[in-house]
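The numbering used here puts the sequence shown at residues 2 to 235. Report on the structure given below.
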Amino acid sequence: MSTPHNKAEQSEIAETVLLPGDPMRAKYIAEKFLTQTQICNDVRGMLGYTGLYRGKRVTVQGTGMGMPSASIYVNELLQFYGVKTLIRVGTCGSILPDIRLKDIIIATAASSDSGINRQRFGDISFAPAADFGLLCRASEFAEKKALRFRCAGVFSSDLFYDDRIKDRIKLLTAYGVAAIDMETCEIYTLAARYHASALSLLTVSDCVPSGERCTTEERQSAFKDMVELALSIL
Ligand code: HPA
Numbered sequence: 002m003s004t005p006h007n008k009a010e011q012s013e014i015a016e017t018v019l020l021p022g023d024p025m026r027a028k029y030i031a032e033k034f035l036t037q038t039q040i041c042n043d044v045r046g047m048l049g050y051t052g053l054y055r056g057k058r059v060t061v062q063g064t065g066m067g068m069p070s071a072s073i074y075v076n077e078l079l080q081f082y083g084v085k086t087l088i089r090v091g092t093c094g095s096i097l098p099d100i101r102l103k104d105i106i107i108a109t110a111a112s113s114d115s116g117i118n119r120q121r122f123g124d125i126s127f128a129p130a131a132d133f134g135l136l137c138r139a140s141e142f143a144e145k146k147a148l149r150f151r152c153a154g155v156f157s158s159d160l161f162y163d164d165r166i167k168d169r170i171k172l173l174t175a176y177g178v179a180a181i182d183m184e185t186c187e188i189y190t191l192a193a194r195y196h197a198s199a200l201s202l203l204t205v206s207d208c209v210p211s212g213e214r215c216t217t218e219e220r221q222s223a224f225k226d227m228v229e230l231a232l233s234i235l
């Protein structure tokens, strides 16, 4: 059995899936962290691999950027492949002033400007939230490893380039929202819908108010810490 966007057989996908946005990051994680790794998907270049991490089967599947793209891959993983645990390993732009480049945001909840949940819920405002167990394990491990991290709400936006960004930052930071990404809200919502557990880990790749950005090398080393964190809580 395969799906329109995933050519893997059901048996080729693990119950636990790491979700980077960038398919090349899926390849990087598979090559650097997993053993007995096999590619299981390459439809549209959205690479997926399954392998072992300390004896545990893990799949890594790219989601693309934005909620419509992530929604397709995550829906198929949950509905057709029976996936139980999803961990996004992505990047975000910080908006709170005391968060620094390369910090890890452990997303407790996700607000959004997306029309997706308006279509799903009408006038109900659903509260997409992280799995409590995964969240606790991630924060404990991050503390133990003395990583620079923050557990906080994020804002999942449909727009990377947003004319209203200054006003939005003012409003969102007043309510303690730490960073912006483009996928977490949909991943948390779908996990709730299909009774799975999800957590979003995000390294701060840029600071939205100042425009400051990580170098490629900084991104890579920060990403490595985050992947270790993700794999260690499985
Ligand atoms: N906005 C949205 N998503 C992002 C950003 C951003 O500034 N940086 C990394 N992912």
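Glycine included, each C-beta is placed from N, C-alpha and C at the ideal position.
Item, Value
"Does the Cβ-Cβ distance between T64 and Y74 come in under 8 Å?", "yes"
"By how many angstroms is the C-alpha of G177 removed from the C-alpha of C152?", "11 Å"
"Taking N42 as the reference, give the member of L235, P5, R138, G134 with the closest Cα.", "P5"
"Alpha carbons only, please: which of E141, G91, A9, Y189 is nearest the one belonging to S113?", "Y189"
"For the ligand HPA, is there any heavy atom lying closer than 7 Å to the beta carbon of G94?", "yes"
"Which residue spans inside the region 92-120 form an unbroken beta strand (DSSP E) run of at least 3?", "105-113"
"Enumerate, from N- to C-terminal direction, the unbroken alpha helix (DSSP H) stretches of 4 or more residues contained entirely within the region 182-225.", "185-194"
"Report the rounded CA-to-CA distance for V209 versus D124, giving the unit in angstroms.", "30 Å"
"Closest by CA to A139, which one among V90, I40, L78?", "V90"
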